[in-house]
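There are 2 protein chains.
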Amino acid sequence: MANSPTGESVLERVDRILAAFTAEDTRLTGGQIAALAGLPTATAHRLAQDMARQGWLERVEGGHYVVGTRLWELANRSSRELSLARTARPFMGDIHAVLRQHVQLGIVEGREVLLVERLSHPNAVAVRAAVAGRLPLHLSATGLVLLAHAPAPVQESYLAGPLSAVTEASPTDPQVLAADLERIRATGHAVQTGYLEPDTTGIAVPVRGRGEQVVAGLGVVTRAGDPAARAGAIVQALHTAAHGIRRTLREDAR
Amino acid sequence: MANSPTGESVLERVDRILAAFTAEDTRLTGGQIAALAGLPTATAHRLAQDMARQGWLERVEGGHYVVGTRLWELANRSSRELSLARTARPFMGDIHAVLRQHVQLGIVEGREVLLVERLSHPNAVAVRAAVAGRLPLHLSATGLVLLAHAPAPVQESYLAGPLSAVTEASPTDPQVLAADLERIRATGHAVQTGYLEPDTTGIAVPVRGRGEQVVAGLGVVTRAGDPAARAGAIVQALHTAAHGIRRTLREDAR
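In order, the protein sequences belong to chains A and B.
So the first sequence is numbered by full-length UniProt numbering: it starts at 1 and just counts up by one.
So the second sequence is numbered by full-length UniProt numbering: it starts at 1 and just counts up by one.
Structure (structure tokens):
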């Protein structure tokens, strides 16, 4: 792989260019790409042109680039994430129809939960991340349930790292978080109120795959004090859906 | 961009490696990647390792690679395809609930229709392409409706190119196909029976965006001779859903 003068590979630089595009910034000029990717302007322009030739970026009006359809196709047609999301979607729809709140499915990516599917309800509370968005594991119920079932070294390393806070309720003490994870394993579900947004409660359960391993977290985001959350009704709905997803994953594996 | 001895860029070779992975072949060894991508084995191995370092591929059991979560995230988080699919999905669900057949949404990519969303019904007829799969424009109703509304030079170039056939009914005569496109524009919908699979009928309508331009094709795949298709009920359901998608795209643009 050809390296730049800084020893960075072409792939690393292309990755940084793609990472400059987000749900909020879907259209960028060459200059914006250079700034966001931390690359010299000439390098960013040349790479963006190469990527456009390949269909990984596309030129649109006003000299802007967008992420190209070709990349979407390459990333999705054999994707485990799309496959998991599609398996889960009908069961998420069942929860959504009954509870009328946001339902989301996430997997672990490093120290974060990556949301692979979400069903939103127009009247539900506002929430942060969209599909393909990320949240710190310890700040969302979906992330907490994944962290609680991660291999022990992953949990230890997570607890040893910096624990960011976005509200006053965000847990930043490793001992408090460790006790939280223990409780999640004991009860089989995670609940957090206000860790990410004030007045918002997240509730999540693990989704197991063909074996016993946890392959995803399935969560609902609702208003703090929602009577359905207090009564355990949301947890039961989530467990039922998680069971259905697992059954379908096992049937598909045959 | 550094070039190989054949003058091919790193991006071109990485694109070919990613293209080796499909819905059927989701796990490949380095040797299989080399064969499918038409690359020297050593080159394929080295590039696959570089891609794995970047998270674009991932190593799984048995020395296989799969397309990585990182690439899925980069391709989806600012994606117009995901955004269009998510806007269309509730309306596709309405059709699906009423008609109980496959419903699909496609966009033009070169000489093919790329399926960006599909809802399938377990009892519906078997069909070929999955999400992120492709079909030749002239062999599927969704593709035909897109071709009929493509700019004139695109249509002319398509008609001048080779028209592949997969069944005896597949149209291979440019004049017959041109008349088909004319009829699609006049009636506002496309119908094909047996072009792609015997005993299967596809019906599709255009989805317009914020302006008058056609941004997608919305189609249903059903059994040949389905009474709902004959009575025009499917076309009306598709037009209603296409209208809903357009309305939502316009509202979102405000």
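Note that CB positions come from ideal geometry on N, CA and C, so glycine has one too.
Because the structure is a prediction, the values reported are computed rather than measured.
Asked                                                                                                                     : Found
Between the CA atoms of Val60/B and Thr142/A - distance to the nearest angstrom                                           : 25 Å
Inter-residue spacing [alpha-carbon to alpha-carbon] between Asp180/A and Asn76/A                                         : 35 Å
Under 8 Å by beta carbon: chain B residues contacting Gly133/A                                                            : Arg77
Stretch pair the region 129 to 149 of chain A + the region 177 to 197 of chain A: three plus CB contacts closer than 8 Å  : yes
Exposure of Arg70/A, with buried meaning 16 or more beta-carbon neighbours within 10 Å                                    : buried
CB contact check: Asp15/A to chain B, cutoff 8 Å                                                                          : yes
Whole-number beta carbon distance between Val207/A and Val214/A, since they are thought to touch under 8 Å                : 7 Å
Burial state of Ser164/A, where buried means 16 or more other Cβ atoms lie within 10 Å                                    : exposed
Contact belief for Leu39/B with Arg16/B at Cβ below 8 Å, rounded distance in angstroms                                    : 7 Å
Whether Leu82/B touches Val131/A by CB criterion (8 Å)                                                                    : yes
For Gln104/A, the residue or residues it bridges with in DSSP                                                             : Arg118/A and Gly219/A
Buried or exposed (CB count within 10 angstroms, at least 16 for buried), Gly232/A                                        : exposed
Whole-number beta carbon distance between Leu147/B and Gln155/B, since they are thought to touch under 8 Å                : 6 Å
Proximal chain B residues relative to Ala19/A, where beta-carbon distance stays under 8 Å                                 : Leu74
8 Å Cβ cutoff, Ala242/A in contact with chain B                                                                           : no
4-residue-minimum alpha helix (DSSP H) runs that sit fully inside the region 14 to 79 of chain A, ordered along the chain : 30 to 37, 41 to 53 and 69 to 76
Span separating the alpha-carbon of Val191/A from that of Ala224/A                                                        : 11 Å
Under the three-state DSSP convention, the category Arg250/A falls into                                                   : helix
Coil, strand or helix - Ala190/B by DSSP                                                                                  : strand
Cβ-based neighbour list, Leu249/B, same chain, cut-off 7 Å, excluding 5 preceding and 5 following                         : Thr87, Gly209 and Arg210
Thr201/A (DSSP reduced to helix, strand or coil)                                                                          : strand
Cβ separation of Gly217/A and Val113/A, assumed to be a contact under 8 Å, to the nearest whole Å                         : 7 Å
Alpha-carbon spacing of Ile107/B relative to Asp199/B, whole angstroms                                                    : 25 Å
Alpha-carbon to alpha-carbon, Leu57/B and Gly30/B                                                                         : 11 Å
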